[in-house]
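To keep things clear, I will list the structure first and then write my remarks on it.
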Amino acid sequence: MNKVEIKNITKSYGKRCVLNNISLSVKANETIAILGQSGCGKTTLLKLIAGLEKPNGGQVLVNGVDVTSTPGKVSYMPQDTLLFPYKTVLENVTLPLILSGKKKSEAELHAKKYFEEFFICETENKYPHELSGGMRQRVAFLRTYMQDNEILVLDEPFIALDSITKTSLHEWYLNVITSFKKTTLLVTHDVEEALLFANTIYILSLKSHQIVKVLTVCNNQNLNFLYSDQFFKLKKELSTALSLDLKSC
Numbered sequence: 006m007n008k009v010e011i012k013n014i015t016k017s018y019g020k021r022c023v024l025n026n027i028s029l030s031v032k033a034n035e036t037i038a039i040l041g042q043s044g045c046g047k048t049t050l051l052k053l054i055a056g057l058e059k060p061n062g063g064q065v066l067v068n069g070v071d072v073t074s075t076p077g078k079v080s081y082m083p084q085d086t087l088l089f090p091y092k093t094v095l096e097n098v099t100l101p102l103i104l105s106g107k108k109k110s111e112a113e114l115h116a117k118k119y120f121e122e123f124f125i126c127e128t129e130n131k132y133p134h135e136l137s138g139g140m141r142q143r144v145a146f147l148r149t150y151m152q153d154n155e156i157l158v159l160d161e162p163f164i165a166l167d168s169i170t171k172t173s174l175h176e177w178y179l180n181v182i183t184s185f186k187k188t189t190l191l192v193t194h195d196v197e198e199a200l201l202f203a204n205t206i207y208i209l210s211l212k213s214h215q216i217v218k219v220l221t222v223c224n225n226q227n228l229n230f231l232y233s234d235q236f237f238k239l240k241k242e243l244s245t246a247l248s249l250d251l252k253s254c
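Using the working numbering, the first residue of the sequence shown is number 6, and each one after it goes up by one.
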């Protein structure tokens with residue numbers, strides 16, 4: 006059974022079609038990337054998967070159960086970290102646990118166990134404005150992880166970072182993927198990012214708002230892959246597909 010299955014999802018805002026009959030599936034512990042130009046409907050698709058919006062048609066299944074328009078079945082991280090500026094790092098990351106009914110002391114004890122693995126040691130009492138961009142991103146990741154769902158839904162998680170910080174975060178996130186074995190849906194417009202992280206890549210068309218290409222990637226999820234012949238071949242293939250889609254609009 007697939008961990009997540011999207012069946013014939015359609016979404017329109019008035020007369021404007023945003024998603025047109027989208028179907029895809031994600032296996033347990035698999036990372037998939039949804040790749041496409043800005044405006045193709047990637048973020049809308051993630052919101053539908055997270056139950057934050059209602060589709061015009063189709064279903065979202067998690068573990069075979071229809072969870073369409075039902076929030077809380079996946080852990081969703083939007084583009085903006087959305088850390089509360091008036092709360093400390095520890096208060097931010099424990100918020101999902103407290104909202105789920107855990108006592109504050111219990112939530113703090115549980116969250117602190119992960120500070121070393123997320124490279125945010127000694128930040129418990131700091132506020133978001135005191136952290137670097139990369140540090141804020143790791144705090145946001147940990148808060149998402151604390152939602153304690155098997156499925157992570159990440160919307161352009163590295164988009165706001167400079168290239169040096171992004172490279173560092175990519176290396177860190179590869180360790181997260183291998184350590185925590187989460188089923189992950191990642192939205193990006195970065196071809197290299199999709200190739201580095203994803204087992205399967207779906208290209209969503211800006212013109213048709215449908216999936217126009219599916220690509221399976223093997224032996225990736227390590228930085229050495231970025232220098233392999235396979236990487237350059239697949240990068241060219243994906244870049245060509247994206248370029249053709251943009252020209253057809």
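Every residue gets a Cβ at the ideal spot worked out from N, C-alpha and C, and that includes glycine.
Residue i: first and last residue of the uninterrupted alpha helix (DSSP H) it sits in
i	result
LYS252	234 to 252
ASN180	168 to 185
LEU114	109 to 117
LEU159	Counting along the chain, LEU159 falls outside any alpha helix (DSSP H), though it belongs to the beta strand (DSSP E) covering 156 to 160.
GLN142	138 to 150
ASN97	94 to 104
Minimum C-alpha distance to residue i - residue among the options
i	options	result
GLU135	VAL94, PHE146, ASP153 and GLU161	VAL94
SER74	PHE185, ILE54, SER110 and ILE182	ILE54
ASN130	ASN97, GLY106, TYR150 and PRO162	ASN97
SER137	LEU201, HIS115 and ASP167	ASP167
ARG148	LYS92, THR183, LYS171 and ASN180	LYS92
ASN61	LEU88, ARG21 and PHE163	ARG21
ILE208	LEU243, LYS108 and GLN142	LEU243
ASN229	ALA145, VAL23, HIS175 and LYS12	HIS175
ILE14	ILE27, ILE169, GLU113 and SER253	ILE27
MET6	VAL70, THR245, GLU197 and LEU200	VAL70
LEU201	SER110, SER233, THR128 and SER210	SER233
LYS8	GLY19, LYS32 and ALA145	LYS32
VAL144	SER210, LEU88 and ASN227	LEU88
GLN142	ALA112, ALA165 and TYR81	ALA165
ASN227	LYS59, LYS240 and ILE182	ILE182
TYR150	LYS186, SER173, PHE163 and LEU249	LYS186
GLY56	ASN34, GLN42 and TYR81	TYR81
VAL79	LYS52, PRO90, GLU111 and ASP85	LYS52
SER210	LYS241, SER248, SER173 and TYR178	SER248
PRO162	SER173, THR86 and PRO90	THR86
Distance between residue j and residue i (C-alpha atoms, nearest Å)
i	j	result
PRO133	LEU102	19 Å
LEU50	LYS118	33 Å
ASN225	LEU231	8 Å
MET140	LEU40	25 Å
LEU191	GLY77	17 Å
ILE37	THR221	9 Å
PRO83	ASP160	5 Å
THR260	ASN204	What is shown of the chain runs 6 to 254, which leaves residue 260 out entirely.
LEU100	LYS238	44 Å
LEU29	ILE206	10 Å
LYS16	LEU24	5 Å
HIS115	SER105	13 Å
GLU212	LEU251	Sequence inspection shows Lys at residue 212; the Glu mentioned does not correspond to that position. When rounded, the distance between both Cα atoms is 8 Å.
VAL196	LYS12	25 Å
LYS108	PHE146	22 Å
CYS126	ASN180	17 Å
SER253	SER43	15 Å
GLN235	ALA199	14 Å
GLU58	ALA246	29 Å
LYS240	GLU10	26 Å
ALA112	ILE169	33 Å
SER184	TRP177	11 Å
The ligand MN heavy atom lying under 8 Å from the CB of residue i
i	result
LEU88	This structure does not include the ligand MN; it has no bound ligands of any sort.
Could you tell me which uninterrupted beta strand (DSSP E) segments, each at least 3 residues in length, are contained entirely in the stretch 19 to 91, listed from first to last along the chain?
21 to 31, 36 to 40, 62 to 67 and 80 to 82
Validate contact between the stretch 205 to 217 and the stretch 61 to 69 using beta carbons, cut 8 Å, 3 pairs
no
Sufficient close CB pairs (3 or more, under 8 Å) joining the stretch 155 to 164 to the stretch 114 to 131:
no
Entirely within the stretch 194 to 239 and at least 3 residues each: give me those beta strand (DSSP E) ranges in chain order.
205 to 209 and 216 to 221
Is it the case that the stretch 41 to 48 contacts the stretch 186 to 201, given that we only count it when at least three CB pairs across the two stretches are under 8 Å?
yes
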